[in-house]
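K.L.:
Under numbering that gives the first Met the number 0, the first residue of the sequence shown carries the number 0, and numbering increases by one thereafter.
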Amino acid sequence: MSGSGFAGGLRPPVVEICVDDLAGALAAEAEGADRIELCSALSEGGLTPSFGLAQAVLNRVRRIGVRIMIRPRSGNFVFSSEEVEVMLADIAAIRDLPKAPSVNIGFVCGALTAANVVDARAMARLKSACGGTPMTFHKAFDVTRDLKAALETLLGLGIRSVLTSGGKPTAEAGAEVLAALVAQAAGRVAVIAGGSVRAGNVRALLERTGVPEVHLRAMRPDAFGRLVTSTEEIAAFIRAARNPA
0 MSGSGFAGGL RPPVVEICVD DLAGALAAEA EGADRIELCS ALSEGGLTPS FGLAQAVLNR
60 VRRIGVRIMI RPRSGNFVFS SEEVEVMLAD IAAIRDLPKA PSVNIGFVCG ALTAANVVDA
120 RAMARLKSAC GGTPMTFHKA FDVTRDLKAA LETLLGLGIR SVLTSGGKPT AEAGAEVLAA
180 LVAQAAGRVA VIAGGSVRAG NVRALLERTG VPEVHLRAMR PDAFGRLVTS TEEIAAFIRA
240 ARNPA
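Listed below in structure tokens is the structure:
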């Protein structure tokens, strides 16, 4: 699939930055990202952030979209009814947090059955709890045994975005599958490419796949070895994504 340039009505890609603290959220907004995915425990693939973190971010940001991870534990994506109950409570509590009227919030969820198909019953409950707020199905999608079937299930549930590397370890490796998913989605679902997407490869990935949205985890070690959000990497990524060669 070719998508060179943004002529002919094509839009620049939506840029989403994965962050796990207030400083990262503010950096993403300052650098011009469209949206953040707010998590805790990025070393575990991202878990539900604390209400304190969610509230602090919603208090401070003024423009950027905020998608909040709802994942109660690390490990697989097969959740018990009790775990789904916790997820529903988290969504309800976060929806009630105050925010600026200009800030669009949404949620990031994913639940599978033991057979590695989308848990439609659990996802329907989670989607209902979100009300009119957007929901992204996270990279549990890449664990499903049939990506095409999973995408159709999500469409039927009214879920309109999915984060994926095309079922491969990286988005580059899954580029062919990503392009096929974009074609299948036909604008009905936003396919968000994530998985080792960086400033150095995002332009080529956009050209190869036609994905409308890209996802970056921009982390670097600080002086104490703690991973923090890299403002420089965010800026470089946005420049590369939005400026056709």
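C-beta atoms are modelled at their ideal positions from N, C-alpha and C, and glycine is treated no differently.
All of these numbers come straight from a predicted model, not from anything done at the bench.
Could you check what DSSP says for residue 16 in three-state terms: helix, strand or coil?
P.N.:
strand
K.L.:
To the nearest angstrom, how far is the alpha carbon of residue 227 from that of residue 102?
P.N.:
Answer to the nearest angstrom: the Cα atoms are 24 Å apart.
K.L.:
Please go through the same chain and pick out, in chain order, the residues whose beta-carbon is closer than 7 Å to the beta-carbon of residue 113, but skip the five residues on each side of it.
P.N.:
77
K.L.:
By the 10 Å Cβ neighbour count, where 16 or more other Cβ atoms means buried, how is residue 66 classified, buried or exposed?
P.N.:
buried
K.L.:
Using a Cβ distance threshold of 8 Å, determine whether the region 173–187 contacts the region 217–224, with at least three qualifying pairs required.
P.N.:
no
K.L.:
From residue 8 to residue 86, what distance separates their C-alpha atoms?
P.N.:
Low confidence applies to residue 8: its pLDDT is 44, below 50, so where it sits in the model is not reliable, and the reading given next is rough at best. Rounded to whole angstroms, residue 8 to residue 86 spans 39 Å at the Cα level.
K.L.:
So does the region 202–222 actually touch the region 13–30, counting three or more Cβ pairs closer than 8 Å?
P.N.:
With the cut-off at 8 Å, the region 202–222 and the region 13–30 touch.
K.L.:
Taking a contact to mean a Cβ-Cβ separation below 9 Å, would you say residue 261 touches residue 14 in this structure?
P.N.:
This structure does not reach residue 261, given that the chain is present from 0 up to 244, and the question cannot be answered.
K.L.:
Rounded to a whole number of angstroms, what is the C-alpha to C-alpha distance between residue 190 and residue 17?
P.N.:
16 Å
K.L.:
Assign residue 209 to one of three DSSP states: helix, strand, or coil.
P.N.:
coil
K.L.:
Assuming residue 139 and residue 156 make a contact with CB atoms under 8 Å, what is their CB distance in whole Å?
P.N.:
Residue 139 to residue 156, Cβ: 14 Å. No contact.
K.L.:
For residue 105, I'd like the list of residues in its chain whose CB is within less than 8 Å of its CB, leaving aside the five on either flank, ordered along the chain.
P.N.:
64, 65, 66, 67, 129, 132, 133, 134 and 135
K.L.:
Keeping to the same chain, check which residues put their C-beta closer than 7 Å to that of residue 1; ignore five residues upstream and five downstream.
P.N.:
A caution first: residue 1 carries a pLDDT of 46, below 50, which makes its placement in the model unreliable, though a value can still be read off. So the qualifying residues of the chain are 206.
K.L.:
Just mark residue 98 as buried or exposed, buried being the case when its beta carbon has 16 or more other beta carbons within 10 Å.
P.N.:
buried
K.L.:
Taking the C-alpha atoms as reference points, what is the distance between residue 193 and residue 169?
P.N.:
Distance between the alpha carbons of residue 193 and residue 169 is about 7 Å.
K.L.:
DSSP state of residue 129, grouped into three classes?
P.N.:
helix
K.L.:
Would the beta-carbon of residue 53 fall within 9 Å of that of residue 93?
P.N.:
Yes.
K.L.:
Threshold first: 3 residues or longer. Then list the beta strand (DSSP E) segments lying entirely within the region 137–198, N to C.
P.N.:
Within the region 137–198, the complete beta strand (DSSP E) runs of at least 3 residues fall at 160–163 and 189–192.
K.L.:
Nearest CA to the CA of residue 60: which residue from 33, 120 and 44?
P.N.:
Measuring from the Cα of residue 60, the nearest candidate turns out to be 33.
K.L.:
State the DSSP-derived secondary structure class of residue 47, mapped to helix, strand or coil.
P.N.:
coil
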